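Taking it in order: structure first as structure tokens, then the write-up.
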Amino acid sequence: MSVTTEKELADAVNRNEDTIVIEGDLAKKTIRIKATGTVAWAVAIGSICIVFYGVIATVGTGGVATPVAGFAAVAGSGGALSVLGAAATSAAISMAVSVRSLSVLKKLRGNYKIVSKSDNKVTLKRS
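Structure follows, in structure tokens:
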């Protein structure tokens, strides 16, 4: 399966696709997410959690929680930004929000291996 957006990638991971071909800018972001070490990932996922739950709270309240979620996003994303960089952090948050679950990031990192990569294409295989 070939994907070019965070939502398509999150959906493919959630469906446990055996092979996922990631194209475009998302390929570089995915490599960054996959290549992050365990300790650095713990820092990043903690920050991503804060932002994720802030966004989900905003969606669940019809926008009433927007000021709180906005503050959480700014305050909470620092760790992830320093570990992953802005593009990969944004991609990780977008993936989690699109399927309303942080587990998609755990599955991406734990259940898939990079089997080939180039400048604008990465192929993942489920292990």
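Going by the numbering used here, the sequence shown opens with residue 672, and the numbers climb by one from there.
Built from N, CA and C at the ideal position, the CB exists for glycine as well.
Remember, it's a predicted structure, so these values are computed and weren't measured experimentally.
Along the alpha helix (DSSP H) that carries Arg-703, what are the first and last residues, could you check?
First-last of the alpha helix (DSSP H) with Arg-703: 696-706.
Below 6 Å CB to CB, which residues in the same chain sit around Phe-742 once its five sequence neighbours on both sides are set aside?
Below a pLDDT of 50, predicted positions are generally treated as unreliable, and Phe-742, at 44, falls in that range; the measurement from the model is reported next regardless. Setting aside the 5 residues that flank it on each side, Phe-742 has no residue in the same chain whose C-beta is closer than 6 Å to its C-beta.
For Ala-713, which residues of its own chain have a beta-carbon under 7 Å away from its beta-carbon, when the five flanking residues on both sides are left out?
none
Rounded to the nearest angstrom, what separates Ala-715 and Tyr-783 at their Cα positions?
Whole-angstrom Cα-Cα distance: 19 Å.
Quick one: what's got a C-beta closer than 8 Å to Asn-685's C-beta in the same chain, skipping five residues either side?
A distance below 8 Å between beta-carbons, with the five flanking residues on each side excluded, links Asn-685 to the following residues of its chain, in chain order: Val-770, Ser-772, Val-775 and Lys-778.
In angstroms with no decimal places, state the Cα-to-Cα distance between Thr-675 and Val-768.
17 Å
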